[in-house]
Amino acid sequence: MFKQGHIMIGGIFPIFNKEISSTSRFEWEPLGVTCEGFDLRAFRWTQVMIFAIDEINKDPALLPNISLGYRIFDSCASPTNAVRAALTLGGQPDGIELTSSCPPAISALIAESGSSQSLAVSETLGPFQVPIVSYFSTCACLSNRAKYPTFFRTIPSDYFQAKALAALIKHFGWEWIGVIQSDNDYGQNGILAFTEEIKTLKICIAFIGTVLRTYPLDKILKVVEMIKQSTVKVILAFVPEGDFYPLMKEIVKQNITGIQWIASEAWITAARPSTPQMYQAFGGALGFVVQKMAIPNLNPFLTDINPYRDPSEPFVKDFWEIIVTYHLQRVNFRNQFGDYVFFDENGNPPASYDIINWQLNNGHVPTSLCSNDCPTGTRKAQIRGKPTCCFDCIPCADGTIANFTGAMDCTACPQEYWSNEQRNECIPRTIEFLTYYEPMGIVLTVVALLGASLSLLTMAVFIHYRETPVIKASNSELSCFLLFSLFLCFLCPLTFIGRPTVWTCMLRHTAFGVTFALCISCVLGKTIVVVTAFKVVQPSTKVIWHFGPIQQRCIVCSCTLIQVIICISWLKLKPPFPDKVFRYSNKKIGLECNTGSEVAFYAVLGYIGILAGICLILAFLARKLPDNFNEAKCITFSMLIFCAVWITFIPAYVSSPGKFTVAVEIFAILSSAFGLLISIFAPKCYIILIKPDKNTKKYVMGTNANKKYNLKIKDNDHPVYTIPLPSVQLAVQSKLVCSASMAFK
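For the working numbering, add 195 to where a residue sits in the sequence shown, where the first one is 1.
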C-alpha cells in the first residue's frame, strides 16, 4: 500500500499470518514462499493507519502545507519478511512513478505486531536512528533503551501483563496450571516474567508446551497429548493468535473440553478463537485487553471498504471473501450472543467474551489443583520429585493440630492441652489424681480405716486385759505405744488421697516418716528387752536395770527424734510441693506431690529401713527361745514382712504411672502396718479372746524351760538362785523388776 507525501511513514503489518515454503521440483529452482491466513485484525490495523494519516492531512492546523504519505508492507508474521520489508522501506522505492528526483525516505516506521518481528526490525533500522513505533509488541525485552534506543510502543510491556495474569490466577485459587508458549521472544519472555511472578504466590506449572505457526503437525500433537494426560483444568496460553491457531484446531478436533483458558492479549480479542467452531473448547476464555477508546469517524471509513471503490487496492478482495464467509457462519451464533459487528467504532475484533459471559456459561468457578487442600487435622507433605503444589496430606501427630485447611505444618498444643481425635482442636488435658470417690480410692480408704479401727480395738483389749500374764509378758506400755503408732500409720494414707495441696504434700511424707519411725522404735525397744533377757550370760542386776521402762521409753523417743529432725530439715530446706506431671499420659495431667528433695525423701525411707534391719537382726538372734511364749518369733516374722514390702515398693514406686504411684505407696504403708499388727498382736489376742485357758503364768513360762535355760543370780544378801528364763522375761517385761532381789519374791 502506497501514498505519496512530503513526509513518508512506513508500516509493516502481518496481514497474512502464515508463511508457506513450497518445495522445488528441481535443484536449480529456488524455493517458493507464499503467505496464507488472511488476518482481519491486521488488515484493520492498516486501515486505521491510513485513516489516521488522511485525518491529519485534512486538518490544515496540524501540518500546514505538508502532507503525510505511507508505504505499507505485509510481513506474513515472519521476522525474515519483516527485516526484508524494513530494508525495503529504508531504501529507494522500486517500480513507483516518482514526482521528484529524490523521493523522501521514511521518517518513521509503524511496526510490528509480533515481538520477534519488532526485535528484528529494531536491530536493523535502530543504528540509522529511524523511530520505530509498535502497536502490539509487548515483550519486556524491548524496554531496553540501551539496546533499542529508537523503539517505542503504544501498548504496555508484558511485565505488567504477567503480573496481572498471575494476580488473576491467584484470585480464583488456581494453583495447578498448564502453560502454552510460542517459540519466539514474545512467548518465551512472557512466560519467563510470569514464572518469576508466581514464585511467591504458591502457583505451580504442570507443563510448558511450545507451539509455532510453522511447526509440523507431530509437534502440535505432542502438545495436545500433554494436555490430555495432565490433570490441570486451567491453561495459560501466552501466544499470538497465528501461533496458537494450529493447536486450537487440534483441540477442537479431538473434543478436548472442560479447560479454563487464560489468554494473553495477543489472542483474547482475535477473530478466529471467537468463531462458533472454537466456542465449544475456548468459550469463556479470560484475558486482559488494552484499554481502548472510540475513534471518531472510523466506523464509516471501515464500512466504506469495498472492491468497487478501488479494484486495484491490495488485500480488499481477500478481505471481502473472509467477511462473507464469517457472516454466513455466524448466523446462529449471533442469535445466541448478540449481533456480530466487525467494524465497530472502537476498532475491536469480534465477539470476545467478557467475565459476565464467562460466569453465565460456566455457572461456577472451576478448580485446578494438583492436590486438594489438606483438611483440618492434616498437614501438607511434599511429594519428592514433584512441584510444591503436589503433596500428600499427613495426619497431625499426637499433641499437634491443624485447625485450618491447607496447613503446611501442625501446631503443637500448649503443655496443659492435647489434641482431639480429629487433630483440629486443642482440648484441656484431664487432671488426674487419686480421689476418694473412685473405686481404688474407696477401697484404700476403707482398708486404712479398718486398720486404724483394728489398732484401737487391739489397744482396748490390751488395756482391758493388762493384768493377765500374756499382756504383762509382752510389755503392755510398749505394746500400747506400738498400737498407737500403728493407728497413726493407718491414718497416713488418708493424706495421700485427694487433690494434692501444699499442706497435704508436706504432711503426707513427714507424717508417714515420723509415725513409722515411732512404730519401728517401739518394736526395737521390745526386741532389745527380749534379747537382753535371754542372751546375757551371768547378768548382774545392773544389766537388767539398764533395760527397764525408763530406758525403753528413751530408746523409743530418741529413735523417733532422729526422724523428726530429718523431716524438719526436709521441710525447711526443700519441702514437698504439688506438681503437674505430663510424662505418664498424653491426654492426662498427673497431679501429684513432688518430693522436693529426693535426698531427704530417701533419707526418711533409709532411716526406717535401718531401724527395721536392726530389729530383724536382734529378733532373729532370739528366735529359738522357749516355745510357748516367744515374742521374738513374732517380731522376726513381722520384720520380714515389713522389709519385703518396702524392698518391693521401691521398683514398683518408680515404675508406676500417675495416680498409681500414690496407690503403690499407700499399699506399701497399709501392707507393712497390717504385717506388724497381725504378726505381733494377733497371737496374743487369739490367746486372750479365744483361748483364755492358756492365759496363765504356767503356760507363758513353758513346761520344759527349766531344762534348757536357767539364769543364776548372786548378790551380797542372797545365795545363788536358779530360776527358769521365762520367769525372768515375764518379770522384766511386766515391770516387776525394780531390783534383782524383787524378781525372786
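Note that the Cβ used here is the ideal one computed from N, Cα and C, for glycine as well.
#1: Report back the beta-carbon spacing between Ser332 and Gly309 to the nearest angstrom; my notes put them in contact at under 8 Å.
#2: For the alpha helix (DSSP H) that contains Pro471, what are its first and last residues?
#3: According to the Cβ coordinates, are Leu320 and Ala280 closer than 7 Å?
#4: For Asp378 and Val406, which I take to be in contact (beta-carbon distance under 8 Å), what is that distance rounded to the nearest angstrom?
#5: On the three-state DSSP scale, how would you describe Ser809?
#6: Excluding the 5 residues flanking Trp456 on each side, which residues of the same chain have their C-beta closer than 7 Å to its C-beta?
#7: Three or more C-beta pairs under 8 Å: does that hold for the stretch 312-328 against the stretch 356-369?
#8: Roughly how many angstroms lie between the CA atoms of Glu420 and Ile215, to the nearest whole one?
#9: So is Leu806 buried or exposed if we call it buried at 16+ other beta carbons inside 10 Å?
#10: May I ask you to report which of helix, strand or coil DSSP gives Cys675?
#11: With Thr405 as the anchor, note down where its beta strand (DSSP E) starts and where it stops.
#12: Taking buried to mean at least 16 other C-beta atoms within 10 Å of its own C-beta, is Leu872 buried or exposed?
#13: Determine, using beta carbons only, whether Gly785 and Gly693 come nearer to each other than 7 Å.
#14: Alpha helix (DSSP H) containing Gly791: first to last residue?
#15: What number of angstroms, rounded off, separates the C-alpha of Lys444 from the C-alpha of Lys423?
#16: Start and end of the alpha helix (DSSP H) containing Arg239?
#17: Do Gly437 and Ile463 have their CB atoms nearer than 7 Å?
#18: Note down, in chain order, each residue of its chain lying with its Cβ closer than 6 Å to the Cβ of Pro561, except the 5 sequence neighbours on either side.
#19: Just verifying my parser: in three-state terms, what is the DSSP assignment at Leu644?
#20: How far does the alpha helix (DSSP H) with Gly385 in it reach, from first residue to last?
#21: State the CB to CB distance for the pair Val665 and Ile882, rounded to an integer number of angstroms; the pair is presumed to be in contact (CB under 8 Å).
#22: Ordered along the chain, which non-local residues of its own chain (more than five positions away) have a Cβ less than 8 Å from that of Cys336?
#23: For Ala458, name the three-state secondary structure that DSSP assigns.
#24: For Phe628, which residues does DSSP report across the bridge?
#25: I need the boundaries of the beta strand (DSSP E) containing Gly373, first residue and last residue.
#26: Indicate the three-state DSSP secondary structure (helix, strand or coil) for Gly533 in the structure shown.
#27: Under DSSP, the beta strand (DSSP E) around Asp1000 begins and ends at which residues?
#28: Which residue from Pro468, Ala341, Thr345, Arg340 puts its Cα closest to that of Val316?
#29: Hey, how far is the Cα of Ser867 from the Cα of Val840?
#30: Which residues in the same chain as Phe183 place their Cβ atom closer than 6 Å to its Cβ, once the five residues preceding and following it in sequence are excluded?
#31: So the alpha helix (DSSP H) Phe832 belongs to, where does it begin and stop?
#32: If Lys365 sits next to Leu396, beta carbons under 8 Å apart, how far is it from one beta carbon to the other, in whole angstroms?
#33: Which same chain residues end up closer than 7 Å to Asn789 when comparing Cβ atoms and leaving out the 5 residues on each side of it in sequence?
#34: Ser680: buried (16+ other C-beta within 10 angstroms of its C-beta) or exposed?
#35: With a threshold of 8 Å, are at least 3 pairs of Cβ atoms found where one atom belongs to the stretch 707-722 and the other to the stretch 825-839?
#36: Comparing C-alpha positions only, which one of Gly373, Val641, Leu865, Ala277 sits nearest to Gly206?
Taking the structure as given:
#1: Correct: roughly 7 Å between the Cβ atoms.
#2: Going by DSSP, Pro471 is part of the alpha helix (DSSP H) stretching over 471-477.
#3: Contact annotation: Leu320 and Ala280 have beta-carbon atoms that are not nearer than 7 Å.
#4: Asp378 to Val406, Cβ: 7 Å. Contact.
#5: In the sequence as presented, Ser is not what sits at residue 809; that position holds Ile. Here DSSP, grouped into helix, strand and coil, assigns Ile809 to helix.
#6: Ile430, Ala432, Phe477, Ala480, listed in sequence order.
#7: Flag = no, the stretch 312-328 and the stretch 356-369 do not touch.
#8: Looking at the backbone, the Cα of Glu420 and that of Ile215 are separated by about 26 Å.
#9: So Leu806 ends up on the buried side.
#10: Residue state, collapsed to three classes: helix.
#11: Residues 399-406.
#12: For Leu872, the number of other beta carbons within 10 angstroms of its own is at least 16, and it is reported as buried.
#13: Contact check for Gly785 against Gly693 fails: the beta carbons are separated by 7 Å or more.
#14: Following the DSSP letters along the chain, one finds Gly791 in no alpha helix (DSSP H), marked with neither H nor E.
#15: Between the C-alpha atoms of Lys444 and Lys423 there is a straight-line separation of about 15 Å.
#16: For Arg239, the enclosing alpha helix (DSSP H) begins and ends at 235-253.
#17: The Cβ-Cβ distance between Gly437 and Ile463 does not fall below 7 Å.
#18: If you ignore the 5 residues before and after Pro561, its C-beta comes within less than 6 Å of the C-beta of Lys428, Gln455, all in its own chain and listed in chain order.
#19: If DSSP states are grouped into helix, strand and coil, Leu644 belongs with the helices.
#20: That run of the alpha helix (DSSP H) goes 380-393.
#21: Confirmed, Cβ separation roughly 5 Å.
#22: Closer than 8 Å at Cβ, skipping near neighbours: Ser310, Leu314, Asp380, Asn384.
#23: Note: Ala458 maps to strand in three-state DSSP.
#24: Phe628 is bridged by DSSP to nothing; it lacks a bridge partner.
#25: Counting along the chain, the beta strand (DSSP E) containing Gly373 begins and ends at 371-377.
#26: Per-residue confidence for Gly533 stands at a pLDDT of 43, beneath the threshold of 50, marking its modelled position as unreliable; no derived number is given.
#27: The first residue shown for the chain is 196 and the last is 940, placing residue 1000 beyond what the model contains.
#28: Taking the Cα of Val316 as reference, the smallest distance to any Cα among Pro468, Ala341, Thr345, Arg340 is reached at Thr345.
#29: The alpha-carbon atoms of Ser867 and Val840 are separated by roughly 6 Å.
#30: Because the chain spans 196 through 940 in this model, residue 183 falls outside it and cannot be assessed.
#31: First-last of the alpha helix (DSSP H) with Phe832: 826-850.
#32: Lys365 to Leu396, Cβ: 5 Å. Contact.
#33: Within the same chain, Asn789 has close Cβ partners Pro771, Phe772, Asp774.
#34: Here Ser680 is buried, its C-beta having at least 16 other C-beta atoms within 10 Å.
#35: They touch, by the three-pair rule.
#36: Closest in C-alpha terms to Gly206, from the list Gly373, Val641, Leu865, Ala277, comes Ala277.
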